[in-house]
Amino acid sequence: MDYPIFPKECTSLLSKYLSQDIFEELKNKKTTNGFTLANAINSGVKNLDSGIGIYAGDAESYELFSALFNKIIEDYHGFSSEATHKSNLTIDDVKMKELDDDYVLSTRIRVGRNLANFPLGTIISKVQRDEVERLVSMALNALEGELAGEYFPLLGMTSEVQNRLIKEHFLFKEGDRFLEAAGLNRDWAEGRGIFHNHDKTFLVWLNEEDQLRIISMQKGGDVLKVFSRLVKAINELEKQLSFSYSERLGYIASCPTNLGTAMRASVHIKLPKLAEDMSRFKAITDKYHLQIRGMNGEHSETKEAIFDISNRRRLGVTEVEAVQDMIDGVEALIQMEKKLEG
Ligand code: ADP
Ligand code: ILO
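Numbering (our numbering), first residue to last: 301 to 642.
Below you can see the structure in the form of C-alpha cells.
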C-alpha cells in the first residue's frame, strides 16, 4: 500500500495524524493475529467523510501502531499516552438530577465489550465469530429476573421484524459503509443477532462493531434506573465471560472512540428553540463534552428537533463521570431551552 493522499476537505483524525513518517514506520508491521496498518486505515481511506477513520484488529494493535493510535486517542478523548484509565461503576456515586420527561423522550446507555483471547471483529474468522456467538448467547440465556430474555439470530429473522426493530431504535442498521471497509461486515449476517428481555429495556447486540454492545434503555429520563440495570447486566455477564481489558486503555474496542468505558449514555431530547440557534446549542454541548447525533444514530440527520445527546469522552473518565457529563449537560440544555421559551 502507498501512502494515502487525503484531499484538503477531509477532516478525519486519520488524515490529520497519518504523516508520511508514521506511515513508513508502521507500514510493514503486523500483529500476532495478522492485522496490518492497511487493515487499520482502510475505512478512513475509503470513506473520506470519516470523523475518525481507523479501527483496531486486536488489543495488540493499539500498542504496535501506537505512534498513530495514541495521537488520535489523545485528540478525541484528551487522554495522554502516559495516562492510565480507571473504571467506576458505583451507582451511588452518580449525582442525580431528574431529567425532565417533558423534554427527554428516552434514555439509553450502552457499553461495548469484546472477548479476551479472540481477535476483534475487523479480523476475526467466521469460525471464531460463530464461537463468540455461541459463548455469548449461552451466557445471555442464563440471565435471570429482569434481565432474562431470548436471543434472536439475524439469520432467519424476517425483514419485517428486522426493520421494525431498527425503526424502534432497538437494532443496529445493516450495510454501514464505515464498518464494511473496516472488515466488520464480513460473512453478514452469520453470527450476528440481538438478545432482549421481554420489555426491550435490556438488549445485547452480537458481533456488530464490537462483539457485544450491552444496552439498557427505556422511555423518559430516569437515568439512574437505566444505569443501574446496565451495571447489573455487566456484573452478571462478567461472572460468565472474560472481556478484553487493558490496564492503560480500559475496555478494548474496535474503534478508538470506544476505548476505556466503551460507554455512550444518551438521551433523545426535543429542543425546538435551541435547534434554531445551533451556535448556542454547541457552546453548551462543548462545555459538557457532549456529542450531538441525529435521531437514527451516528451519521443520521435530525428530525423534528429531536436530538441524540451523549457523552463524547469514554476514555480517561470513569463510567460514573461519563454518565455525569451527560446528565449535567442535558440539564443545562433543558434550562436554556426553557429560558428561550420565555
Ligand atoms: P451506538 O449507540 O452503538 O454508538 P448508534 O448511534 O448507531 O450506535 O445508535 C444505535 C441506535 O440506538 C439508533 O437507532 C439510535 O437512534 C438509538 N438510540 C441512541 N440513543 C437513544 C436513546 N436515548 N433513546 C432511544 N434510542 C436511542
Ligand atoms: N469510523 C466512523 C465512526 C467513528 C466513531 N463511531 C463509531 C460508531 N465507532 C468515522 O470515522 O466516522
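All residues carry an ideal CB built from backbone N, CA and C; glycine is no exception. Just so it is clear, the structure is predicted and the values come from calculations on it, not from any experiment.
Closer than 6 Å: residue 458 CB and nearest ligand 2 heavy atom: Not under cutoff, so the answer is no.
First and last residue of the uninterrupted alpha helix (DSSP H) at residue 511: In the DSSP assignment, residue 511 falls outside any alpha helix (DSSP H), carrying neither H nor E.
Residue environment, residue 311, which counts as buried when at least 16 other CB atoms sit within 10 Å: Residue 311 comes out exposed.
Residue 427, buried or exposed, once every other Cβ within 10 Å from all chains shown has been counted against 16: In this structure residue 427 is exposed. Its beta-carbon is surrounded by fewer than 16 other beta-carbon atoms within 10 angstroms.
Near ligand 3: residue 567 beta-carbon under 6 Å from a heavy atom: Looking for ligand 3 in the displayed structure turns up nothing; the ligands present are ligand 1 and ligand 2.
Euclidean distance between Cα positions of residue 408 and residue 502: Each residue's Cα considered, the two are about 10 Å apart.
Top-ranked residue by Cα proximity to residue 627, from 565, 541, 387, 329: Per the Cα distances, 565.
Beta-carbon proximity check, residue 594 vs residue 399, cutoff 7 Å: Not a contact, by the Cβ cut-off of 7 Å.
Residue 522: CB within 6 Å of a non-hydrogen atom of ligand 1: Placement of the Cβ of residue 522 at a distance of 6 Å or more from every heavy atom of ligand 1 is found.
N-terminal and C-terminal residue of the beta strand (DSSP E) that residue 419 is part of: Premise fails: residue 419 is in no beta strand (DSSP E) and is neither H nor E.
Bridge partner(s) assigned by DSSP for residue 449: Listed as beta-bridge partners of residue 449 by DSSP are 497.
For residue 611, the first and last residue of its enclosing beta strand (DSSP E): First-last of the beta strand (DSSP E) with residue 611: 606 to 611.
Residue 493 versus 483, 499, 473, residue with shortest Cα-Cα distance: Of 483, 499, 473, the residue nearest in Cα terms is 473.
For residue 587, the three-state DSSP class (helix, strand or coil): In the three-state reduction of the DSSP assignment, residue 587 falls in the helix class, which pools H, G and I.
Residue 339 versus residue 537: straight-line alpha-carbon distance, rounded: For residue 339 and residue 537, the gap between their C-alpha atoms comes out near 31 Å.
At least 3 beta-carbon pairs within less than 8 Å: the stretch 605 to 620 vs the stretch 581 to 596: Using a Cβ-Cβ distance cut-off of 8 Å, the stretch 605 to 620 and the stretch 581 to 596 are in contact, since at least three pairs of beta carbons, one from each stretch, lie closer than that value.
Contact check, residue 352 vs residue 557, beta carbons under 7 Å: Yes, the Cβ-Cβ distance between residue 352 and residue 557 is below 7 Å.
Residue 563 - partner residues in DSSP beta bridges: For residue 563, which the question treats as bridged, DSSP gives the partners 411.
Cutoff 6 Å; reference residue 465; Cβ partners in own chain excluding five residues on either side: 471, listed in sequence order.
In chain order, each beta strand (DSSP E) run of at least 3 residues that lies wholly inside the stretch 434 to 488: Runs of the beta strand (DSSP E) lying entirely within the stretch 434 to 488, each at least 3 residues long, are 449 to 453 in chain order.
Nearest to residue 483 (by Cα), restricted to the options 458, 362, 343: Checked all of 458, 362, 343; the closest Cα to residue 483 is 343.
From 625, 638, 635, residue whose alpha carbon lies closest to that of residue 394: Of 625, 638, 635, the residue nearest in Cα terms is 625.
Expected contact under 8 Å - CB spacing of residue 510 and residue 421 to nearest Å: Correct: roughly 7 Å between the Cβ atoms.
Nearest-angstrom Cα separation, counted from residue 424 out to residue 326: Straight across, the Cα-Cα distance linking residue 326 with residue 424 is about 21 Å.
DSSP-derived helix/strand/coil call for residue 633: Taken through DSSP and simplified to helix, strand or coil, residue 633 comes out as helix.
Distance, residue 619 Cα to residue 388 Cα: Spanning the alpha carbons of residue 388 and residue 619 requires a straight line of approximately 6 Å.
Residue 345 at chain C interface by Cβ criterion, 7 Å: Absence of chain C from the displayed structure is noted, only one protein chain being present.
Whole-Å CB distance - residue 335 paired with residue 358, under 8 Å assumed: The beta carbons of residue 335 and residue 358 sit about 6 Å from each other, so the pair counts as a contact at 8 Å.
Residue burial classification, residue 542 (beta-carbon count within 10 angstroms, cutoff 16): Per the 10 Å Cβ criterion, exposed.
Element boundaries [beta strand (DSSP E), containing residue 617]: No beta strand (DSSP E) contains residue 617, which DSSP labels as neither H nor E.
For residue 530, the first and last residue of its enclosing alpha helix (DSSP H): Note, residue 530: alpha helix (DSSP H), 523 to 540.
Beta-carbon proximity list for residue 637, same chain, < 7 Å, skipping 5 on both sides: Within its own chain, the residues whose Cβ lies closer than 7 Å to the Cβ of residue 637, once the five positions on either side in sequence are excluded, are 403, 571, 573, 574, listed in chain order.
Distance, residue 439 Cα to residue 517 Cα: Cα to Cα, residue 517 sits roughly 20 Å from residue 439.
When 530, 524, 448 are compared against residue 513, the one with the closest alpha-carbon: When each option's Cα is compared against that of residue 513, the closest is 530.
Proximity to residue 519 [Cα-Cα], best of 316, 569, 318: When each option's Cα is compared against that of residue 519, the closest is 569.
Among 374, 491, 448, nearest to residue 317 - alpha-carbon criterion: Ranking 374, 491, 448 by Cα distance to residue 317 puts 374 first.
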